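First up is the structure itself, then whatever we jot down about it.
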Amino acid sequence: MRTTALKQYQKLESPGLWREAPEMQRREVIVAFGEASLTLSDPRTEAALSHWSLPAVERLNPGEIPALFAPGQDALETLELDDPTMIAALEKVRHTLATARPRPGRLRGSLLLAGTALVLLAGAVFVPGAMIDHTAAMVPPTMRKSIGRTALADLSQVAGAPCSDVSGLSALEKLSARLFGENPPQLVVLRDGTALSLHLPGRIIALHRSLIENQNSPDVAAGFALAEAERISETDPMLPLLEYAGVRATFGLLTTGRLAPGSVQGYGRLILTEPPSEVDTEHLLTRFAEAGVASTPYARAVDPSGESVLRLIEADPFAQEAAPPLLKDGDWISLQAICAE
């Protein structure tokens, strides 16, 4: 049987309404109360959608029904519950944690000093490697998306707000679905900056407007999106962000499930100026073939001479035949006008 944080329960589950972010629609989930976390799952597929650390869960509307919970003060997610047993269980955990917190005094001061010393020692030893790796591996998809949006907001300070023409955004979503199938990454188009493409945690891929506005077809933008997806698969995007955020922010994320908002300030400027990492050519060719995209347009955009991308040109999976269309003509026209609003 499942072990829960409350000994009197062998198994505790209930339905709930989960909102991933304020702008998203609510969706039905199954909430499972575990030993250290809440697991929110799709009731049809049973796939886990989010994991909440129990110590970080907070109630946003005390005394009201349905009860509204969030996985921390700065979290974007919310969960509505009207099951009295589940609500009582969460309230009991919160009460237990609150009463277990140490009271002010000499003992608290001594423990705080000792704890600080241990944290500093652990940070000095582990943060450059193991601690960052461990923290990144523990961050659930919904928190990654939240962190990615925070980083995107910081990036917008130097590259401008992502282009947002409604018809263009619809066409961009269609392009992402065409390239990646189910559960595609989020594509955004940047107005300014020197980077042609980059990626952020939460499977956010940013493309410069010149990859769309100055082209005759979506092939080049599609190629850069596939290349960023390959970079994401080769190196976890959380790793460089946590290295930038530093010791205190990484430790805070590990222990509280929240990343201090100010810890990513300036990260956008940094990644705009960093050269893109190399990608494995054979792996990238496989992505082009699976996505049904010709690799030559991308290769020529990277290096017009073709010298450094010769393999992408010679082994183009659609060198001898036309690739399936990426977008309808009307959608491509809409996409080219995505920054026109």
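Start counting the sequence shown at 1; every next residue gets the next number (our numbering).
A virtual CB, placed ideally from N, CA and C, is assigned to each residue, including glycine.
Please read these numbers as outputs of a predicted model, since none were measured by experiment.
Cβ-heavy atom distance, residue i to the ligand ADP, below 6 Å
i, result
"residue 38", "With respect to the ligand ADP, the structure offers nothing, as it holds no ligand at all."
Residues near residue i by beta carbon distance below 7 Å, same chain, minus five either side
i, result
"residue 137", "none"
"residue 28", "15, 17 and 43"
"residue 342", "The structure shown has nothing for residue 342, since the chain only spans 1 to 341."
"residue 270", "244"
"residue 237", "199, 200 and 201"
C-beta atoms of residue i and residue j nearer than 7 Å
i, j, result
"residue 344", "residue 264", "This structure cannot speak to residue 344, because the chain is shown only from 1 to 341."
"residue 82", "residue 66", "yes"
"residue 13", "residue 32", "yes"
"residue 220", "residue 301", "yes"
"residue 53", "residue 41", "no"
"residue 287", "residue 326", "no"
Anticipated Cβ contact below 8 Å, residue i with residue j, distance rounded
i, j, result
"residue 77", "residue 20", "6 Å"
"residue 218", "residue 259", "About 34 Å; that fails the 8 Å criterion."
"residue 257", "residue 56", "4 Å"
"residue 272", "residue 222", "Not really, about 22 Å apart at Cβ, beyond 8 Å."
"residue 318", "residue 294", "4 Å"
"residue 277", "residue 235", "7 Å"
"residue 135", "residue 241", "Contact flag wrong, Cβ pair sits at about 11 Å."
"residue 140", "residue 208", "The pair is not a contact, with the Cβ atoms about 30 Å apart (cut-off 8 Å)."
Residue span of the beta strand (DSSP E) that contains residue i, given as start and end
i, result
"residue 318", "Where residue 318 is concerned, there is no enclosing beta strand (DSSP E), given that its DSSP letter is neither H nor E."
"residue 287", "Taken as a continuous stretch (DSSP letters only), residue 287 belongs to no beta strand (DSSP E), being part of the alpha helix (DSSP H) at 281-291."
"residue 186", "186-190"
"residue 166", "Element bounds for residue 166: not the beta strand (DSSP E) but the alpha helix (DSSP H), 166-180."
"residue 80", "78-81"
"residue 39", "37-41"
"residue 53", "48-53"
"residue 197", "197-200"
"residue 68", "67-70"
Neighbour flag for residue i against chain C, beta carbons, 7 Å
i, result
"residue 213", "Among the chains of the structure shown, chain C does not appear; only one protein chain is present."
Same chain only: Cβ atoms within 6 Å of residue i, ignoring 5 sequence neighbours per side
i, result
"residue 228", "197, 199 and 205"
"residue 361", "Residue 361 falls outside the range modelled here, since the chain spans only 1 to 341, and no answer is possible."
"residue 315", "285"
"residue 289", "317"
"residue 147", "201 and 259"
"residue 48", "39 and 41"
"residue 303", "309"
"residue 282", "none"
"residue 61", "68"
N- and C-terminal bounds of the alpha helix (DSSP H) containing residue i
i, result
"residue 336", "329-336"
"residue 240", "238-245"
"residue 272", "267-273"
"residue 211", "210-213"
"residue 233", "219-234"
"residue 19", "Where residue 19 is concerned, there is no enclosing alpha helix (DSSP H), although the beta strand (DSSP E) it sits in stretches over 13-19."
"residue 152", "141-159"
"residue 300", "296-302"
"residue 32", "No alpha helix (DSSP H) contains residue 32, which is instead part of the beta strand (DSSP E) from 27-33."
"residue 136", "132-138"
Cβ shell of residue i (< 8 Å), same chain only, five flanking positions each side left out
i, result
"residue 213", "336 and 339"
"residue 91", "59"
"residue 165", "334, 337, 338, 339, 340 and 341"
"residue 261", "74 and 150"
"residue 25", "19"
"residue 280", "230 and 234"
"residue 239", "132, 133 and 136"
"residue 210", "196"
Say whether the segment 183-194 touches the segment 315-332, bearing in mind that this needs 3 or more beta-carbon pairs closer than 8 Å, one atom from each stretch. no
Are there three or more Cβ pairs, one per stretch, closer than 8 Å when the segment 187-205 is compared with the segment 243-256? no
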